[in-house]
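Numbering (my numbering), first residue to last: -9 to 418.
Below is the structure:
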């Protein structure tokens, strides 16, 4: 999901010189997409301890002293077994204060220039058109039976196969031309995107992964699937609120000074709400309900679909597509992505790797308020790197930003073997 982050901010001119290329490498299907930095036992201990502390503190209604906060954070560092996690917590004093006037002003300026409402909030001429019911339609997934879901999935698959077959037949064109073929591919690609939106989170996530694969799909499909990156309907805010309260063990008004009811962004697996915690602006990523059960049903069907595509795909365009291998990779990543503690651990490892690079910013994680279904992190406004006018308004050097992006990826891959594998129009 696209949460507000910043990838390049200052004007440092230093170049990278990766020298530790012999360090241990990590594959895309392993560490890069869902690394568990701690042992399973230490993560469970850490999560259980944080949850217990939060519930006890909030329900007792007592203010913590600065000494208690420091003592608790020291224990959390030991439980986490991760220097980066400790570093993140250590940046906050006993009263949780970190901001200063200059930093607040910079964030405010970036936020104003780069402000762009989520597509589901837009109105007027610029409104995004998506021929699919909003997020409420997805509520049916919580009570779906395996048979119902399987019928819906395969009905969509056979419809697509028939449409694609019809598009390849000369008799259906009344004079086949390349222009007519392109028009039909565009129409079918839009139908596929809308169908994926109706099928929900599992298929949207996979569609997002295909949205950059010009080596596998025709450009018309890539163009349509790329809209899945930021045009996903939110789920009801009431549901998000109840998930946060259940996960944190207390009413949101007892935990946060402010919690914005309306989400600022929605993605295939969750949505993001802004809030204020201990005087700091934060964002809270809340997972869609029932994803594990939905994945169990969908991925069984997708395995069969992958095997079917492997048999019928003529690969006449010369592309080397291994649909079963693609399925295996997607399935592995999907299950890892519904545990937000893994995402938090990856974020802090990434921050640790780039702690000496002042132009790379990774939001701080609030571990006390993070669970497998709720991720609380520092709010860092940003601008998509493809929003050229906004970048120019801030007076940013686009060539320098491009150089920073290349340098940071070289550092990720060559020095650490641990890289951001899902940048989707990264923020600057």
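All C-beta atoms in this analysis are idealised placements derived from N, C-alpha and C, irrespective of residue type, glycine included.
- Membership of residue 175 in the alpha helix (DSSP H) is indicated by the continuous run 168 to 189.
- A check of alpha carbon separations from residue 340 across 300, 377, 407 and 314 identifies 407 as the nearest.
- Assignment of residue 256 by DSSP, reduced to helix, strand and coil, places it in the strand class.
- Distance from the CA atom of residue 270 to the CA atom of residue 316, rounded to whole angstroms, is 41 Å.
- At least 8 Å separates the beta-carbon of residue 251 from that of residue 232.
- By the C-beta criterion, the stretch 385 to 403 is judged to be in contact with the stretch 340 to 356, since at least 3 inter-stretch pairs fall below 8 Å.
- Counting along the chain, the unbroken alpha helix (DSSP H) around residue 235 starts and ends at 227 to 238.
- Within the model, the alpha-carbon separation for residue 223 versus residue 257 is close to 7 Å.
- About 6 Å separates the Cβ atoms of residue 285 and residue 324, confirming a contact at the 8 Å cut-off.
- If you draw a 10 Å sphere on the C-beta of residue 136, you find fewer than 16 other C-beta atoms in it, and that means exposed.
- Residue pairing for residue 366: DSSP places it in a beta bridge opposite 274.
- One Cα belongs to residue 225, the other to residue 155, and the distance between them is close to 35 Å.
- Put simply, the backbone Cα of residue 194 is about 7 Å away from that of residue 218.
- Here the alpha carbons of residue 313 and residue 201 stand approximately 15 Å from one another.
- Contact between residue 187 and residue 211 fails: their C-beta atoms lie close to 15 Å from each other, not under 8 Å.
- With distances taken between CA atoms, residue 191 lies nearest to 280 out of 242, 280 and 389.
- About 13 Å separates the Cβ atoms of residue 245 and residue 276, ruling out a contact at the 8 Å cut-off.
- The three-state secondary structure of residue 377, taken from DSSP, is coil.
- One thing to note: residue 140 has its Cβ no nearer than 8 Å to the Cβ of residue 336.
- By the beta-carbon neighbour count (other beta carbons within 10 angstroms, threshold 16), residue 288 is buried.
- Boundaries of the alpha helix (DSSP H) harbouring residue 214: 209 to 215, taken from the DSSP string.
- Beta-bridge annotation (DSSP): residue 262 is paired with 255 and 275.
- Looking only at 138, 253 and 176, the smallest Cα-Cα distance to residue 273 is reached by 253.
- In this structure residue 355 is not in contact with residue 321, their Cβ atoms being roughly 27 Å apart against a cut-off of 8 Å.
- Secondary structure at residue 344: coil, using DSSP grouped into helix, strand and coil.
- Annotated three-state conformation of residue 267 is strand, per DSSP.
- Taken in chain order, the unbroken stretches of alpha helix (DSSP H) that lie wholly in the stretch 277 to 333 and span 4 residues or more are 281 to 302 and 313 to 327.
- Residue 147 is positioned such that its CB atom lies closer than 8 Å to that of residue 295.
- By alpha-carbon distance to residue 298, the top candidate from 98, 214 and 144 is 144.
- One Cα belongs to residue 410, the other to residue 394, and the distance between them is close to 14 Å.
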